[in-house]
Amino acid sequence: MTTLSYEFTERILGWQADDARLVERCRLILLDGLAVAAAGAAQPGPTHMAGFSKAHQQADGPSTVIGHGFCAPAAVAARINGMSMHVLDFEPMWNPPNHAVSTLLPALLALAELRERESGVAHGNALLRALAKGIETQGRLRMSSGQIEPAQLTLHPPGVVGPLAAALACSDLLGLDTAHATAALGIAASRSGGVLANIGSQTKALHCGDAAAHGLEAALLAARGFTASTDALSGPRGWGNAYFGARFDSDCLLAPIGVGRALEPGLSWKLFPSQFATHYAITAALDARAQADAFRADDVESIELHAPSMPYIDRPQPQTGLDGKFSWQYTTCVALLDGRVDPDSFSDTRRFAPNVDAMLARFKLSADPSISGALDSMYVELSVRLKNGARLYARCDAPLGSWNRPVDNDVVRAKARGLLGDAVGESRADRIIHLAESKNTPLAVRDLMACLP
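Every position in the sequence shown, counted from 1, becomes a number in the numbering used here once 475 is added.
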């Protein structure tokens with residue numbers, strides 16, 4: 476009997492994903508993902524997980540753990556690298572909101588490296604197609620949830636849809652038939668989850684790392700004949716009903732595939748390392764600051780941000796620098812104070828600097844439920860009152876890099892080059908960029924990962 480799970484798997488795996496623009500987009504996603512992972516690897520969360528894996532898991536295997544100087548079994552590497560790729564909150568954003576790169580790319584990199592060591596055949600080009608299929612899977616699963624705006628979320632999306640998408644993407648890279656890949660989907664359906672309460676902690680990045688590892692494990696288990704429900708998606712006890720109830724819309728899963736969601740509607744490139752909605756506030760703050768002849772924090776009387784109602788980023792006193800990534804208040808204030816927002820903006824030292832605390836004390840958030848919370852149609856307005864009576868005002872309808880304000884590929888390359896140069900040095904950064912973008916030779920994942928010890 477044909478089931479929803481089988482039909483969905485068949486549709487995803489049967490899609491060729493060979494549009495030249497799509498492959499080019501996935502090359503850039505690969506480069507951005509590697510750069511963000513290299514920059515994030517030294518953060519406390521991935522470092523703790525790398526240490527845990529060395530102490531309590533098999534710390535030897537075919538797949539590179541980025542930035543930590545060892546190789547590990549593929550799923551172990553996927554978990555740590557997924558954390559590294561997400562921890563800075565610097566990977567692209569999707570609509571509906573999701574983190575599709577850190578949940579897919581680490582699994583595919585680890586699996587491709589394993590396969591290349593076994594066969595000696597480059598798997599990078601197949602990885603790009605599998606990445607496109609995984610992105611398509613995640614987008615369709617997110618649409619099927621009926622939870623489109625952040626305020627509607629009940630669980631953290633990458634932990635819910637990521638394992639299933641990674642399972643199908645890895646199944647594609649393994650060359651599994653539809654029946655075995657459907658089993659992988661079913662296995663992954665029982666390994667979904669991620670509570671929103673952990674946003675702002677190191678566990679948030681673990682949601683993405685676990686999604687990558689669980690999806691990879693599901694595909695490898697299915698390849699061995701491990702079984703699962705042939706229709707884990709639908710029915711009263713299936714994934715859709717369990718997580719979304721009456722909202723679940725299975726029709727989204729079986730719609731015809733066009734050029735692929737990696738192209739349409741596409742992604743928003745992140746140019747600031749923080750929760751995506753805060754990019755609106757950061758952009759407004761930088762624009763307002765630029766209006767002053769010489770902005771001085773001591774001249775500020777009050778700050779008011781008029782924004783959509785998003786309670787989970789209403790954090791007037793973030794507990795750590797990491798927590799500040801998810802705070803309207805903190806991201807606005809640090810942008811006003813420093814004229815920039817970068818990874819150093821979210822250190823504990825910066826968070827608890829006296830001028831930050833002083834600025835936070837002058838901040839008022841006006842949360843307006845009438846403003847759309849959809850990431851491609853929201854806006855914010857920022858008003859900064861100065862002690863001399865002057866007012867700095869800015870509105871942001873779309874941050875740079877977003878769907879309505881796209882950037883050239885060179886902007887993304889510059890971001891990647893900067894992060895890679897800081898993490899592994901200019902020579903290796905140039906090598907990674909050359910390998911990721913070269914179209915004349917097969918893309919060997921082992922060569923890429925050798926630049927990221």
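Every residue gets a Cβ at the ideal spot worked out from N, C-alpha and C, and that includes glycine.
Take residue i and list the residues in its own chain whose beta-carbon comes closer than 7 Å to its own, dropping the five residues that flank it on each side.
i, result
"Asp798", "Gly675, Arg790"
"Ser858", "Glu779, Arg866, Tyr868"
"Leu729", "Glu482, Phe483, Arg486"
"Gln804", "Arg790, Pro791, Leu835, Phe838, Leu840"
"Val882", "Trp744, Leu875, Gly876"
"Leu738", "Arg496, Leu497, Arg500"
"Asn884", "Leu503"
With DSSP as the reference, please indicate the residues paired to residue i in a beta bridge.
i, result
"Ala782", "Ala842"
"Thr478", "Bridge partners of Thr478: none, in fact."
"Thr795", "According to DSSP, which records beta bridges pairwise, Thr795 is partnered with nothing at all."
"Val855", "Cys871"
"Val540", "Phe545"
"Ser877", "Arg880"
"Ser777", "Arg860"
"Ser743", "Met568"
Please classify residue i: does DSSP put it in a helix, a strand, or coil?
i, result
"Ala769", "coil"
"Ala869", "strand"
"Phe545", "strand"
"Leu861", "strand"
"Met568", "strand"
"Val882", "coil"
"Val816", "coil"
"Thr439", "An answer regarding residue 439 cannot be provided, because it is not within the stretch 476 to 928 covered by the chain."
"Ser594", "helix"
"Ser559", "helix"
"Gln804", "helix"
"Asn673", "helix"
"Ser528", "helix"
"His689", "helix"
"Gly489", "helix"
"Ser619", "helix"
"Ala737", "coil"
"Leu583", "helix"
"Cys420", "Because the chain spans 476 through 928 in this model, residue 420 falls outside it and cannot be assessed."
"Arg554", "helix"
"Val887", "helix"
Going along the chain, which residues of its own chain have a beta-carbon closer than 6 Å to the beta-carbon of residue i, five neighbours each way excluded?
i, result
"Ser1002", "There is simply no residue 1002 to check, as the chain begins at 476 and stops at 928 in what is shown."
"Phe747", "His754, Ile757, Val816"
"Gly669", "Leu630, His631, Gly634, His682"
"Asp647", "Leu488, Ala605, Lys608"
"Lys800", "Asp564, Ser749, Gln750, Phe821"
"Leu894", "Ala510, Ala514"
For my contact list, residue i and residue j are in at a C-beta cut-off of 8 Å; report their separation, rounded to the angstrom.
i, j, result
"Ile757", "Thr806", "5 Å"
"Gly690", "Ala641", "2 Å"
"Ala707", "Gly661", "4 Å"
"Arg825", "Pro793", "Wrong, their Cβ atoms sit about 11 Å apart, outside the cutoff."
"Leu965", "Val887", "Nothing about residue 965 can be reported from this structure: the residues present for the chain run from 476 to 928 only."
"Gly637", "Ala686", "3 Å"
"Ala664", "Thr702", "Not a contact, Cβ separation roughly 13 Å."
"Asp851", "Asn879", "6 Å"
"Leu425", "Leu918", "Residue 425 is absent from the structure shown; the chain starts at 476 and stops at 928."
"Pro727", "Ser847", "Correcting the residue type first, residue 727 is Cys in the shown sequence and not Pro. Actually they do not touch by this definition, with Cβ atoms about 20 Å apart."
"Ala680", "Val562", "4 Å"
"Ser538", "Ala530", "Actually they do not touch by this definition, with Cβ atoms about 18 Å apart."
For residue i, I'd like the list of residues in its chain whose CB is within less than 8 Å of its CB, leaving aside the five on either flank, ordered along the chain.
i, result
"Asn830", "Ala772, Leu812"
"Pro844", "Pro783, Ser784"
Examine the Cβ distances between the stretch 643 to 658 and the stretch 868 to 880 and report whether three or more of them are shorter than 8 Å. no
Meets three-Cβ-pair contact criterion under 8 Å: the stretch 573 to 593 and the stretch 895 to 912: no
Report yes or no: do the stretch 522 to 539 and the stretch 711 to 723 share at least 3 C-beta pairs separated by less than 8 Å? no
For the stretch 485 to 493 against the stretch 602 to 621, do three or more pairs of beta-carbon atoms, one drawn from each stretch, fall closer than 8 Å, so that the two count as touching? yes
Looking at C-beta atoms only, is the number of pairs between the stretch 589 to 601 and the stretch 763 to 777 that lie closer than 8 Å three or more? no
How about the stretch 626 to 643 and the stretch 489 to 508: do they share at least three Cβ pairs that are nearer than 8 Å? The stretch 626 to 643 vs the stretch 489 to 508: no contact.
May I ask you to verify whether the stretch 719 to 727 touches the stretch 537 to 556, counting CB pairs closer than 8 Å and requiring at least 3? no
Could you tell me whether the stretch 760 to 770 touches the stretch 819 to 827, using the rule of 3 or more Cβ pairs below 8 Å? no
Across the stretch 615 to 626 and the stretch 593 to 600, are there enough close Cβ pairs to call them in contact, namely three or more that are closer than 8 Å? no
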